[in-house]
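Here the sequence shown is numbered in UniProt numbering, starting from 1 and rising by one per residue.
This report concerns only the one structure given below.
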Amino acid sequence: MTSITSGGGIEVKEDVYYYTDQIVNIGFIGHPSSDTWVLVDAGLPNAAPEIKSVVVDRFGRNSKPAAIILTHAHFDHVGGLYDLIQEWDVPVYAHELELPYLQGEKDYPEPDTNVEGGMLAKMSFLYPHEGIDLGSSVQPLPSDQRVPFLDDWKWLHTPGHSPGHVSFYRESDGLLFSGDAVITVRQDSLHKVLLQQSEVNGPPRYLTTDWQAAWESARILADLKPSVMISGHGSAMEGDKLTKGMERLVREFEKVAVPDFGRYVDKGKLH
1 MTSITSGGGI EVKEDVYYYT DQIVNIGFIG HPSSDTWVLV DAGLPNAAPE
51 IKSVVVDRFG RNSKPAAIIL THAHFDHVGG LYDLIQEWDV PVYAHELELP
101 YLQGEKDYPE PDTNVEGGML AKMSFLYPHE GIDLGSSVQP LPSDQRVPFL
151 DDWKWLHTPG HSPGHVSFYR ESDGLLFSGD AVITVRQDSL HKVLLQQSEV
201 NGPPRYLTTD WQAAWESARI LADLKPSVMI SGHGSAMEGD KLTKGMERLV
251 REFEKVAVPD FGRYVDKGKL H
């Protein structure tokens with residue numbers, strides 16, 4: 001399953017780049033001439049060779065990140081992680097509530113194939129939900145919201161899609177990595193994913209287990225009034241389209257984001 005943007009990357013700022021691995025985005029924060037840069041998420045299973053190729057093109061041969069930071073630990077965001085840390089031997093950081101899924105202690109709930117949505121929701125039984133075991137290679141993000149090796153960034157707890165989901169924000173220029181808390185494509189629709197039809201939307205329906213928390217997280221991100229947003233799925237968005245899209249998402253969250261039915265849906269209960 002490959003979108004039309006797969007295999008391509010976009011430099012959003014001189015020191016911020018993202019690359020699309022089939023249907024998921026991977027972030028690179030740091031100037032290409034710098035020895036210190038950070039990888040955001042690790043793509044789908046078997047993504048490691050592709051990620052390393054991007055690293056060579058952007059940062060040079062033998063370069064490696066100072067750290068890998070995770071928005072969350074779903075299969076499409078940690079797929080290349082084990083192979084990368086075996087070669088790079090760098091620390092991995094995630095929210096403390098995600099650690100059980102990264103240290104072999106817990107599995108995520110199974111995807112909700114009965115949730116209201118498109119073809120990708122119905123196919124979600126194919127998606128792995130098991131945790132992985134990185135042992136001591138993974139550690140919690142600092143409790144004061146600092147992001148290791150990125151002094152001008154902070155992390156925000158944005159749960160709902162997963163218990164320890166986080167987003168990364170740079171206040172100086174309003175740049176936001178929203179992960180899957182807010183995305184810019186209707187992720188359950190095969191047609192929209194393949195064509196990367198751009199629209200502000202809530203988290204992927206088939207893996208979101210707490211819609212009240214998801215709505216509150218969307219409000220947190222909308223209140224930032226980001227100038228540019230790079231989400232876990234979909235194309236980067238900025239300007240008026242982003243502002244109005246975020247406002248509509250928060251205002252009409254039950255209509256726009258919450259499915260009409262599903263294992264984790266309790267319509268009319270958001271407040």
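All C-beta atoms, glycine included, are put in the ideal place defined by N, C-alpha and C.
Pairwise C-alpha distance: residue j and residue i
| i | j | result |
| --- | --- | --- |
| Ser198 | Lys241 | 10 Å |
| Glu110 | His129 | 6 Å |
| Thr158 | Thr71 | 9 Å |
| Glu96 | Gln103 | 11 Å |
| Arg263 | Trp37 | 40 Å |
| Lys64 | Tyr101 | 25 Å |
| Val147 | Ser231 | 18 Å |
| Arg205 | Ala181 | 11 Å |
| Tyr17 | Leu84 | 19 Å |
| Glu14 | Ile29 | 9 Å |
| Leu207 | Asp76 | 11 Å |
| Gln86 | Leu44 | 17 Å |
| Trp211 | Gln145 | 24 Å |
Cβ-based burial, residue i [other Cβ within 10 Å; buried from 16]
| i | result |
| --- | --- |
| Phe168 | buried |
| Pro226 | buried |
| Phe253 | buried |
| Gly60 | exposed |
| Leu195 | The pLDDT assigned to Leu195 is 48, lower than 50, so where the model puts this residue is not dependable, and the model offers no usable value. |
| Arg170 | buried |
| Phe177 | buried |
| Thr20 | buried |
| Val200 | buried |
| Pro203 | buried |
Residue span of the alpha helix (DSSP H) that contains residue i, given as start and end
| i | result |
| --- | --- |
| Lys52 | 48 to 59 |
| Glu11 | Careful: Glu11 lies outside any alpha helix (DSSP H), inside the beta strand (DSSP E) at 9 to 13. |
| Leu39 | Segment 38 to 40 is the beta strand (DSSP E) holding Leu39; no alpha helix (DSSP H) there. |
First and last residue of the uninterrupted beta strand (DSSP E) at residue i
| i | result |
| --- | --- |
| Val92 | 92 to 94 |
| residue 279 | In this structure the chain extends from 1 to 271, so residue 279 is not present and cannot be described. |
3 or more residues per run - each beta strand (DSSP E) lying fully within the region 187 to 266: 228 to 231
Contiguous alpha helix (DSSP H) assignments of at least 4 residues, all confined to the region 117 to 174: 119 to 122
Touch test, the region 146 to 166 against the region 214 to 226, Cβ-Cβ under 8 Å, three pairs minimum: Contact holds: three or more Cβ-Cβ distances are below 8 Å.
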